[in-house]
Amino acid sequence: MSPILQMRGVEVCYDRAIHVLHGLNLHVPEKGIVALLGPNGAGKSTTLKAISNLLKAERGAVTNGSILFEGSPIVGKNPAFLVRSGIFQVMEGRRLFTQLTVEENLRTGAYSRASSSLSANLELVYQYFPRLAERRRQKAGYLSGGEQQMVAIGRSLMAQPKLVLLDEPSMGLAPILVQEIFGIIQNLNKQEGLSVLLAEQNAVMALSIVQYGFVMDNGRVAMEGPAEELRRDQSVKEFYLGASEKGEHQSYAAILQRKRMAARERQREAAGH
Amino acid sequence: MNDLAFAVELTITGVLIGLLYSMIALGFVLIFKASSVFNFAQGAMTLFSALTLVGLIPLVGFWLALVGAVLIMCVVALVAERVAFRPLIGSSPLVIFMATIGLAYILEGFAQMVWGTQPHGLKLGLPVDPLKLGSIFISKSDLISAGVAGVLVALLIVFFQYTKIGLGLRAIANDQIAAQSVGIDLRKVWAIAWILAGFVALVAGMLWGSRIGVHFAMSLIALKALPVLIIGGIESIPGAIVGGIIVGVAEALGEGFIGPYVGGGVQDVMAYLVALIFLLIRPYGIFGQAAIERV
Ligand SMILES: Nc1ncnc2c1ncn2[C@@H]1O[C@H](COP(=O)(O)OP(=O)(O)OP(=O)(O)O)[C@@H](O)[C@H]1O
Ligand SMILES: [Mg+2]
């Protein structure tokens, strides 16, 4: 399948001085669902903001590389234009409009769309999240964390996107709610044909619903592969899932060391071909 | 005349003048909602628009002059947004505030250059005789001015609450980056907020100009908006109305009842006195929104 999103050698800088992404390569297939994993500060959110061009508000900029959406370059495009083109980011921490009602929040999602499709889209969102229908007139700031995440995802659906960028939707939610939300994300991918790029620290959950994953470390993709492969991979397990086969605690540095050696080996193999 | 009738008359006058204060405050509220910035140039915009109107009236007559002033304020707003504020997206509010100071000086200088520095009268042809209700006298021109202000405010509230751009403005006021993430075009919404602020400045300049004449002290009227904003809350349209009315009534009653004992001049102090009290008991104003914190 041809990719809906392709990032090649992307570098991002904050304040013209702080280099955060160092040549990132990543792709999302059309109608695919892909995870972007990595520890705190790896650069997951930065990657998503580079795609949706929300870096400027934080004085960040893409300084090198290319980002293609449906084959066309999108670096530097106005965020509103990108939403209209079909890219929608659900930001980390949900970022609802706390002073607006649930339904008003959903309507902001449709800002880039003609108002004729508004009520049909609202119906669709309420179908996926019946709980929101009951709370439609409530101020979003007073919802529970899980309900807020539902509004955030529902708001993205209102824009009829082709690709959603989800930034840690599991953050701060109870495991059962995470399961519910991830189930819905999976359904949206299957039923609505939505392409999904899912940034997560919760690697176990993420790898259970995606087809493919990229593991980031320090502004680069350290590893990538089909979900089952990553699930089985020992260093991913140890690093991100916190489980070691011997059952003993491994230091962060030791895991990194092994990972680097493995990466070098792979490089040597690749060079050998 | 008995004290009660006097008090009623003062209160009514206070409400009417208060609505004119609200008009000035409204311009600040609009820009603050859209960009979380205190627009230092609002007073200068008021002066500039009034001078433009007064300057155009002898050339083309009132109605064409009004249309012309509206168009010119649109251009000013768009140019200000494009040249000064769009490049500053993501800058700290302080930087943008300084840009509004710059804009204020440019507007005042430009107005001076084009229309000169002498004061002008502005005759709107409002009736000068008062309306008599029993023993109470009310200025008809104040009544009409307040009516115009009231209609404008009502339109703005409807605009904010029930239109798509109004929704966008409220979203931006709540979380600017999130607003960008959902596809609200900051540049478009800002441009519209500036146009609205320019329009409000024009109406305020026109109504105030007909009361006190059009001259450079007009940009100081903006100072009257400060206590109004403190009392009502800087991001609330109803707050601007209620705050304006409170200031107007406090001034009128203070001047009428306390003034005679202290030799007048109470009027100018009252607004700040009331604002001070509000700062102590409700620092974000009557309608100001305390942030909803819940994660
Ligand atoms: N506005 C900013 N200015 C300067 N540095 C920043 C800025 N935003 C992020 N960074 C830095 O960039 C790096 C990557 O941050 P980013 O938020 O992309 O990580 P992340 O993978 O999303 O982490 P988390 O899992 O904690 O959300 C971090 O080292 C962070 O300190
Ligand atoms: Mg992050």
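From first to last, the protein sequence lines stand for chains G and D. Residues in the first sequence are numbered from 1 upward in steps of one, following the numbering used here. Residues in the second sequence are numbered from 1001 upward in steps of one, following the numbering used here. The beta carbon of each residue, even a glycine, is placed where N, CA and C say it ideally should be.
Opening and closing residue of the alpha helix (DSSP H) in which residue i lies
i: Asp-217/G; result: Looking at the DSSP string, Asp-217/G is not in any alpha helix (DSSP H); the run it does join, the beta strand (DSSP E), is 212-217.
i: Val-1029/D; result: 1003-1035
i: Gln-182/G; result: One point to set straight first is that residue 182/G is Phe, not Gln, in the sequence displayed. Segment 175-191, the alpha helix (DSSP H) holding Phe-182/G.
i: Met-1073/D; result: 1062-1079
i: Ser-52/G; result: 44-52
i: Ala-1222/D; result: 1222-1232
i: Val-1262/D; result: 1259-1262
Under the three-state DSSP convention, the category residue i falls into
i: Ala-243/G; result: Low confidence applies here, because Ala-243/G scores a pLDDT of 45, under 50, leaving its location unreliable; read the following figure in that light. If DSSP states are grouped into helix, strand and coil, Ala-243/G belongs with coil.
i: Arg-1294/D; result: Residue confidence for Arg-1294/D is low, a pLDDT of 48 falling below 50, so the modelled location carries little weight and cannot support an answer.
i: Ile-1096/D; result: helix
i: Leu-157/G; result: helix
i: Lys-1132/D; result: strand
i: Leu-24/G; result: strand
i: Ser-315/G; result: Missing from the structure shown is residue 315/G; chain G here goes from 1 to 273 and no further.
i: Gln-1118/D; result: coil
i: Val-1203/D; result: helix
i: Pro-1283/D; result: coil
i: Gly-1304/D; result: Missing from the structure shown is residue 1304/D; chain D here goes from 1001 to 1295 and no further.
i: Asn-1174/D; result: helix
i: Phe-129/G; result: coil
i: Ser-251/G; result: Reliability fails at Ser-251/G, whose pLDDT of 48 lies under 50, so the model's placement of it is uncertain and the value that follows must be treated cautiously. Ser-251/G falls in the coil class under three-state DSSP.
i: Thr-1163/D; result: coil
i: Ser-1145/D; result: helix
i: Lys-77/G; result: coil
i: Glu-1235/D; result: coil
i: Gly-146/G; result: helix
i: Ser-170/G; result: coil
i: Ser-208/G; result: helix
i: Ala-1197/D; result: helix
i: Gly-1288/D; result: coil
i: Glu-92/G; result: coil
i: Leu-1155/D; result: helix
Chain D residues whose Cβ lies nearer than 7 Å to that of residue i
i: Lys-104/G; result: Strictly speaking, residue 104/G in this sequence is Glu, with Lys absent from that position. Result: Leu-1167.
i: Gly-109/G; result: Val-1182
i: Gln-89/G; result: Ser-1181
i: Asn-64/G; result: Going along chain D, no residue has its Cβ under 7 Å from Asn-64/G, so there is no contact; the nearest lies around 21 Å.
Bridge partners - residue i, DSSP secondary structure assignment
i: Tyr-14/G; result: Ile-18/G and Gly-60/G
i: Arg-8/G; result: Ser-66/G
i: Lys-139/G; result: Thr-101/G
i: Ala-35/G; result: Leu-198/G and Gly-213/G
i: Pro-3/G; result: Pro-29/G
i: Ser-1139/D; result: Pro-1130/D
i: His-1215/D; result: For His-1215/D, which the question treats as bridged, DSSP gives no partner whatsoever.
i: Ile-87/G; result: Leu-163/G
i: Ser-72/G; result: Phe-69/G
Where residue i meets chain D, residues with beta-carbon distance less than 9 Å
i: Ser-112/G; result: Val-1182, Gly-1183, Ile-1184 and Asp-1185
i: Ser-115/G; result: Lys-1164
i: Arg-155/G; result: Val-1182
Neighbouring residues, chain G, relative to residue i (Cβ below 7 Å)
i: Ala-1171/D; result: Phe-97, Leu-100 and Thr-108
i: Asn-1174/D; result: Phe-97, Thr-98, Gln-99 and Leu-100
Limits of the beta strand (DSSP E) - the one that residue i falls within
i: Ser-195/G; result: 195-200
i: Met-223/G; result: 220-226
i: Asp-167/G; result: 163-167
Amino acids of chain G, ordered along the chain, whose beta-carbon sits closer than 9 Å to that of residue i
i: Ile-1096/D; result: Going along chain G, no residue has its Cβ under 9 Å from Ile-1096/D, so there is no contact; the nearest lies around 13 Å.
i: Ile-1177/D; result: Leu-54, Ala-57, Glu-58, Met-91 and Arg-95
Partners in chain G for residue i, counting only beta-carbon separations shorter than 8 Å
i: Gly-1090/D; result: Lys-56, Ala-57, Glu-58 and Arg-59
Neighbour list for residue i in chain D, Cβ cutoff strictly below 8 Å
i: Val-12/G; result: By Cβ distance, chain D contributes nothing, its closest Cβ being about 15 Å from Val-12/G, past 8 Å.
Within-8 Å CB hit, residue i to chain B
i: Arg-84/G; result: Going by chain labels, chain B is absent from the structure shown, which instead holds the protein chains G and D.
Problem set entry | Contact the stretch 40-58 of chain G vs the stretch 101-109 of chain G: 3+ CB pairs below 8 Å | Cβ pair count under 8 Å is below three, so no.
For this session: Count the CB pairs spanning the stretch 1195-1204 of chain D and the stretch 1087-1100 of chain D that are closer than 8 Å, and state whether there are at least three.
Result: Output reads no: the stretch 1087-1100 of chain D does not touch the stretch 1195-1204 of chain D.
Exercise. Between the stretch 1015-1029 of chain D and the stretch 1075-1084 of chain D, do three or more beta carbon pairs fall short of 8 Å?
Worked result: Segments in contact, no.
Problem set entry | At least three beta-carbon pairs within less than 8 Å, the stretch 227-235 of chain G to the stretch 48-59 of chain G | Contact fails: fewer than three Cβ-Cβ distances are below 8 Å.
Exercise. Is it true that the stretch 74-93 of chain G meets the stretch 158-166 of chain G, where meeting means three or more beta-carbon pairs spaced less than 8 Å apart?
Worked result: Contact check between the stretch 74-93 of chain G and the stretch 158-166 of chain G: three or more CB pairs, one atom from each, fall below 8 Å, which counts as touching.
Problem set entry | the stretch 1181-1191 of chain D in contact with the stretch 1043-1062 of chain D per 3-pair CB rule at 8 Å | Note that the stretch 1181-1191 of chain D does not touch the stretch 1043-1062 of chain D; fewer than 3 beta-carbon pairs, one per stretch, sit closer than 8 Å.
Exercise. Does the stretch 1100-1120 of chain D come close enough to the stretch 1037-1055 of chain D to have 3 or more Cβ pairs within less than 8 Å?
Worked result: The stretch 1100-1120 of chain D, when compared against the stretch 1037-1055 of chain D, does touch it at the 8 Å Cβ threshold.
Exercise. So does the stretch 179-192 of chain G actually touch the stretch 1206-1221 of chain D, counting three or more Cβ pairs closer than 8 Å?
Worked result: These segments do not touch.
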